[in-house]
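Chemist:
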Amino acid sequence: MLGRRAYQLEADKVTLLEARTSELEQQLEERVATLTMKAEREALMVELGKQIRTALNVHDIIDITAQELPTLLRCDRVMVGRLTTQNGIDSLEVIDGTETEDSEDLGVYLSLNEVGLDRAWVQRYTMGEQCVVMKSTGCENCPPMIDGLDAAMRAKVVMPIVVDKSLWGLLIVQA
Numbered sequence: 002m003l004g005r006r007a008y009q010l011e012a013d014k015v016t017l018l019e020a021r022t023s024e025l026e027q028q029l030e031e032r033v034a035t036l037t038m039k040a041e042r043e044a045l046m047v048e049l050g051k052q053i054r055t056a057l058n059v060h061d062i063i064d065i066t067a068q069e070l071p072t073l074l075r076c077d078r079v080m081v082g083r084l085t086t087q088n089g090i091d092s093l094e095v096i097d098g099t100e101t102e103d104s105e106d107l108g109v110y111l112s113l114n115e116v117g118l119d120r121a122w123v124q125r126y127t128m129g130e131q132c133v134v135m136k137s138t139g140c141e142n143c144p145p146m147i148d149g150l151d152a153a154m155r156a157k158v159v160m161p162i163v164v165d166k167s168l169w170g171l172l173i174v175q176a
């Protein structure tokens, strides 16, 4: 009787140790996966930083950013919009990371009126306001260019790029 009880306790101990070992192995795999993803993101950031530092003109920097950020952010599309004046009209120069490298045109110029970006929105973005549109919730308080999603999109995020307390442009991320 005592022998059977000792045998049962030993079997229970082995079962518990196997379960704990399995649990620890799973935790280890999760941590390795997390660290691998973090290392990949850091490597992408370092590479992106190198490319940006070697680019001498702003168009190259914007183009590199628009092309490389989708990989880093794991999103479908990144566009960089730079506020500028084109032919005397306040405009947003949009550079799309999905454009082909053969494209002679580095960006598309849209008047701020065309995209519904009035002075009030420029001020809001300058103050750091962001706009997030989710397919499930929509966005009640977004400029017309941002409000709404294409059928295949799940979300759109617009973040201001502010330089010296002035709105330089917008980073538009679509997933």
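Count the sequence shown with our numbering and you get residues 2 to 176, in order.
Beta carbons are placed, not taken as given, at the ideal position from N, Cα and C, and that holds for glycine.
Quantities reported herein were computed from a predicted structural model and do not represent experimental measurements.
1) Looking at I63: is its Cβ nearer than 8 angstroms to the Cβ of I96?
2) Which full runs of the beta strand (DSSP E) of 3+ residues lie inside the region 44–82, going along the chain?
3) Less than 7 angstroms between C-beta atoms, sequence neighbours within five positions excluded: which residues of the same chain meet that for A1?
4) Kindly indicate which residue of S92, R75, C76 has the alpha-carbon position closest to the one of R230.
5) Closer than 8 angstroms, CB to CB, is G89 near chain B or not?
6) May I have the straight-line CA-CA distance separating A67 from I162, to the nearest angstrom?
7) If you run the structure through DSSP and keep just helix, strand and coil, what is E94?
8) Just reading off the beta strand (DSSP E) that V109 is part of, what are its end residues?
9) Report the three-state DSSP secondary structure of V116 (helix, strand or coil).
10) Ordered along the chain, which non-local residues of its own chain (more than five positions away) have a Cβ less than 6 angstroms from that of M160?
11) Between T37, P71, V81, which has its C-alpha nearest L168's C-alpha?
12) Looking at the secondary structure, which residues open and close the beta strand (DSSP E) in which Q175 lies?
13) Taking the alpha carbon of D77 as the point to measure from, which residue in K166, V158, G170, N58 has its own alpha carbon closest?
14) Is M160 helix, strand or coil when you go by DSSP?
15) Can you give the Cα-Cα distance for S104 and V174, rounded to whole angstroms?
16) To which residues does DSSP link Q87 through a beta bridge?
Modeler: According to the structure data:
1) Indexing the sequence shown from 1 puts residue 63 at position 62. Indexing the sequence shown from 1 puts residue 96 at position 95. Closer than 8 angstroms, so yes.
2) For the beta strand (DSSP E) assignment, the region 44–82 encloses no uninterrupted run of at least 3 residues.
3) Outside the shown range of the chain (2 to 176) lies residue 1, about which nothing can therefore be said.
4) With the chain represented from 2 up to 176, any question about residue 230 goes unanswered, as that position is not in the structure.
5) The structure shown contains no chain B, having only a single protein chain.
6) For the purposes of this step, residue 67 is taken as the residue at position 66 of the sequence shown. For the purposes of this step, residue 162 is taken as the residue at position 161 of the sequence shown. In a straight line, the C-alpha of A67 is about 13 angstroms away from that of I162.
7) Indexing the sequence shown from 1 puts residue 94 at position 93. In this structure, E94 counts as strand in the three-state DSSP scheme.
8) Translated into the one-based positions of the sequence shown, residue 109 becomes position 108. Segment 109–112, the beta strand (DSSP E) holding V109.
9) Within the sequence shown, residue 116 is the residue found at index 115, counting from 1. Residue state, collapsed to three classes: coil.
10) Sequence index remark: in the sequence shown, residue 160 carries index 159 (1-based). Excluding residues within five positions, the ones whose Cβ falls inside 6 angstroms are Q131, L172.
11) Translated into the one-based positions of the sequence shown, residue 168 becomes position 167. Comparing Cα positions, the closest option is V81.
12) The residue given as residue 175 occupies position 174 in the sequence shown. Run containing Q175: 167–175, per the beta strand (DSSP E) assignment.
13) Looking up residue 77 in the sequence shown gives position 76. It is V158 whose Cα lies nearest to the Cα of D77.
14) Counting from one through the sequence shown, the residue named residue 160 turns up at place 159. Residue state for M160 is assigned as strand, using DSSP reduced to three classes.
15) One-based indexing of the sequence shown puts residue 104 at position 103. One-based indexing of the sequence shown puts residue 174 at position 173. Because the pLDDT of S104 is 44, which lies under 50, any placement of that residue in the model is unreliable, and the number read from its coordinates should be weighed accordingly. Near 21 angstroms, if we compare the C-alpha coordinates of V174 and S104.
16) Looking up residue 87 in the sequence shown gives position 86. Q87 is bridged by DSSP to I90.
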